[in-house]
Amino acid sequence: MSKHPSLDVVIADKLRKKILTGALPLGAHLIEAEYVKEFDVSHGTVRSALKRLEYEGLVESIPRRGVFVVEIHPNDALELSTLRDSLESLAAKRAASTASPQEMKKLKGILEKMQHEVMRDNRKECAALDLEFHRHIVACAHHSRLTAMYAQLASQTEMFINLTDPLHDDLEHMVPLHEPIVRAIETQDAELAFRLSADHNRRDGELLAEQISRRGRT
Ligand SMILES: [Zn+2]
Numbered sequence: 280m281s282k283h284p285s286l287d288v289v290i291a292d293k294l295r296k297k298i299l300t301g302a303l304p305l306g307a308h309l310i311e312a313e314y315v316k317e318f319d320v321s322h323g324t325v326r327s328a329l330k331r332l333e334y335e336g337l338v339e340s341i342p343r344r345g346v347f348v349v350e351i352h353p354n355d356a357l358e359l360s361t362l363r364d365s366l367e368s369l370a371a372k373r374a375a376s377t378a379s380p381q382e383m384k385k386l387k388g389i390l391e392k393m394q395h396e397v398m399r400d401n402r403k404e405c406a407a408l409d410l411e412f413h414r415h416i417v418a419c420a421h422h423s424r425l426t427a428m429y430a431q432l433a434s435q436t437e438m439f440i441n442l443t444d445p446l447h448d449d450l451e452h453m454v455p456l457h458e459p460i461v462r463a464i465e466t467q468d469a470e471l472a473f474r475l476s477a478d479h480n481r482r483d484g485e486l487l488a489e490q491i492s493r494r495g496r497t
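If you read the sequence shown in this note's numbering, its first letter stands for residue 280, the second for the next number, and so on.
Right under this line is the structure:
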């Protein structure tokens, strides 16, 4: 593996960060020529960076109009939350029998950090730990195709978590939502781990869909 990522990967990282932090809002037009100038790279490099983001589901290319940050419609929120629930519950179910002691230790460590950040009301860190928590359970499942599918969804998942964060006044729900999943995996209760993960995102998906459709009507 080469030490330096290729230039289009670097540019894709920069643009992804802008999208996920909201510096480039939903629906924003990404103008190729601007990034050629801003990053001092070729058109081809920018184009291939944009292709990467399109594959991750963060931007869409509209013929003769250009490339835009995706707009999230109510149905997108529901699709993402149900797809995440499906993949994450499959992972949790398998992890109940496949997670090693070291992996369990790491999972508990993530939960502890989450507890700590909830107490400090650190929303940004909590969102990052939420993502890390589920990504780690997927890794614990030792299922390469599941890992690959989940990785493809990672950017949209991060976007989803960032969009649903403001829906919660406080972070109190975080630990009660995740702690039982850890316990179920630890006690090797595969069915419980599956059930708890199977609707873990549903409420956020529904709330986000509701919020988007309300915004659409005003
Ligand atoms: Zn979660």
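Note that CB positions come from ideal geometry on N, CA and C, so glycine has one too. If you're wondering where the values come from, they're calculated on a predicted model, not measured in any experiment.
Within 9 Å, strictly: CB atoms of residue i and residue j
i    : j    : result
S476 : I460 : yes
D468 : A374 : no
L362 : L432 : yes
R326 : E339 : no
M438 : V397 : no
D400 : D444 : no
E485 : S360 : yes
Y314 : A302 : no
H479 : L442 : no
E458 : H415 : no
Identified DSSP bridge partners for residue i
i    : result
L309 : V346
I341 : G345
Identity of the residue in the options nearest residue i by Cα
i    : options                : result
L487 : R474, T466, H447       : H447
L337 : L366, S365, D409, G306 : G306
F412 : R424, S423, I464, L442 : I464
A472 : A427, M428, Y429, E367 : E367
L425 : E382, N480, D483, D364 : D364
E391 : T300, L294, R462, K330 : R462
Checklist entry - Do the region 335-354 and the region 401-409 make contact, defined as three or more Cβ pairs closer than 8 Å? => result Judged by Cβ distances under 8 Å, the region 335-354 makes no contact with the region 401-409, as fewer than three pairs qualify.
Checklist entry - Does the region 367-387 come close enough to the region 412-429 that 3 or more CB-CB pairs lie under 8 Å? => result With the cut-off at 8 Å, the region 412-429 and the region 367-387 touch.
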